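Student:
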Amino acid sequence: MTSDAFLDYVPVEQARAMAGLRIAFVRGVPGVWGIAIKAILDMKGIEYIAVPHEPGGANLLLKEWTGQTSAPVAMFNDDRPRPHWSEMLALAEQLRPEPPLIPADEDERMTMFGLCHEICSEDGFGWNIRLLLLSANDTTGDERSNALRAKYRSPVSNDYARRRVSAIISSLAGVLDRQAIEGKRYFMGDNLTAADIYWAAFSNLLVPMAEDLCTMPDFVRETGVIAQRLLETPLPQILLDHRNYVVREHFRIPIAF
Ligand SMILES: N[C@@H](CCC(=O)N[C@@H](CS)C(=O)NCC(=O)O)C(=O)O
């Protein structure tokens, strides 16, 4: 799948008055939660209106509408806001079951949601990398970092965050190693699931994708270098190979916001 464009954004005031699915994305920046839900919607062919979340801005209109200021957040008709990755995934699956990105078998669902949780949720891979990054530049005094640090404050130490990220990486690599023995490329069984999509998206925090896969401002690439330095352990090649394969085969590329 290829695309040649950044998203066409509709301002919050206008989007709010529309029906259907409206999703706020961080404008111009491939936020990892955003990369994932955009890929999910693209794969399923679900139409949506993109709404801008202005990075570093107050996003007051978004707050008035969705009750919060993070992105992505999905607004479907007059439903409640859906800011959590699992709510957006469930909605996408319900709106357009094909292709299925959540296994039908209950045991497999439990395994897959466990993988996704460790990648995307509070105290997961992305969350702990963000804590490391925010603590690394706590002396710069830059306004955006200060605001994010205040917003995502957590009582854990950097050592704790580093251990969590390393443990998650090691388990994810172990899953792929076991799959590879059976000649399988995905985290579960023979088919792509949401876990593959979330890993592909979140890997960008540590090793940014090549330019032909994802268009991003320089600071995102620099952030990846800093994150790798903070983590001190290289990402196993099998996780990178998986990411590159999944993005090339299944995502609309180049990913751009
Ligand atoms: N709501 C998401 C998390 C989203 C999130 O943390 N988004 C980041 C960008 S990738 C964000 O909006 N950061 C800017 C902000 O919070 O103002 C979830 O838990 O599923």
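For what it's worth, this note's numbering labels the leading residue of the sequence shown as 7, then goes sequentially.
All residues carry an ideal CB built from backbone N, CA and C; glycine is no exception.
Because the structure is a prediction, the values reported are computed rather than measured.
For residue 245 versus residue 209, is the C-beta distance shorter than 8 Å?
Tutor: On the sequence shown, residue 245 is found 239 positions in, with the first residue counted as 1. On the sequence shown, residue 209 is found 203 positions in, with the first residue counted as 1. In contact: residue 245 and residue 209 (Cβ atoms closer than 8 Å).
Student: Looking at C-beta atoms only, is the number of pairs between the region 166 to 173 and the region 241 to 255 that lie closer than 8 Å three or more?
Tutor: No, they do not touch.
Student: Are at least three pairs of beta-carbons, each pair with one atom in the region 14 to 26 and one in the region 179 to 190, less than 8 Å apart?
Tutor: The answer is no - the region 179 to 190 does not touch the region 14 to 26, with fewer than three Cβ pairs under 8 Å.
Student: If you draw a straight line from the alpha carbon of residue 66 to that of residue 131, how long is it in whole angstroms?
Tutor: The count along the sequence shown starts at 1 and reaches residue 66 at position 60. The count along the sequence shown starts at 1 and reaches residue 131 at position 125. Their backbone Cα atoms lie some 29 Å apart in a straight line.
Student: For residue 69, verify whether its CB is less than 7 Å away from any heavy atom of ligand 1.
Tutor: One-based indexing of the sequence shown puts residue 69 at position 63. Flag unset: Cβ of residue 69 not near ligand 1.
Student: I need the DSSP call for residue 219, collapsed to helix, strand or coil.
Tutor: Numbered from its first residue, the sequence shown carries residue 219 at position 213. Correct three-state label for residue 219: coil.
Student: For the region 18 to 93, which segments carrying the beta strand (DSSP E) assignment without a break, of at least 3 residues, lie completely within its bounds, in sequence order?
Tutor: DSSP runs (the beta strand (DSSP E)) wholly in the region 18 to 93: 27 to 32, 55 to 59 and 79 to 82.
Student: Rounded to whole angstroms, what is the Cα-Cα separation between residue 258 and residue 45?
Tutor: Stepping through the sequence shown from its first residue, residue 258 is reached at position 252. Stepping through the sequence shown from its first residue, residue 45 is reached at position 39. Cα to Cα, the separation comes out at about 7 Å.
Student: Per the contact definition of three or more C-beta pairs closer than 8 Å, is the region 173 to 182 in contact with the region 226 to 233?
Tutor: Flag = no, the region 226 to 233 and the region 173 to 182 do not touch.
Student: Just curious, the alpha helix (DSSP H) that residue 117 is in, first and last residue?
Tutor: Taking the first residue of the sequence shown as position 1, residue 117 is located at position 111. First-last of the alpha helix (DSSP H) with residue 117: 112 to 126.
Student: Taking all protein chains shown into account, decide if residue 54 is buried (16 or more other Cβ within 10 angstroms of its Cβ) or exposed.
Tutor: Walking along the sequence shown from the start, residue 54 turns up at place 48. Classification of residue 54: buried, given that the 10 Å Cβ count is 16 or more.
Student: Evaluate contact between the region 197 to 212 and the region 119 to 126, counting only Cβ atoms and requiring at least three cross-stretch pairs below 8 Å.
Tutor: Yes, since at least three Cβ pairs between the region 197 to 212 and the region 119 to 126 fall closer than 8 Å, the two stretches touch.
Student: In the structure shown, what three-state DSSP assignment does residue 108 receive?
Tutor: On the sequence shown, residue 108 is found 102 positions in, with the first residue counted as 1. Reduced to three states, the DSSP call for residue 108 is coil.
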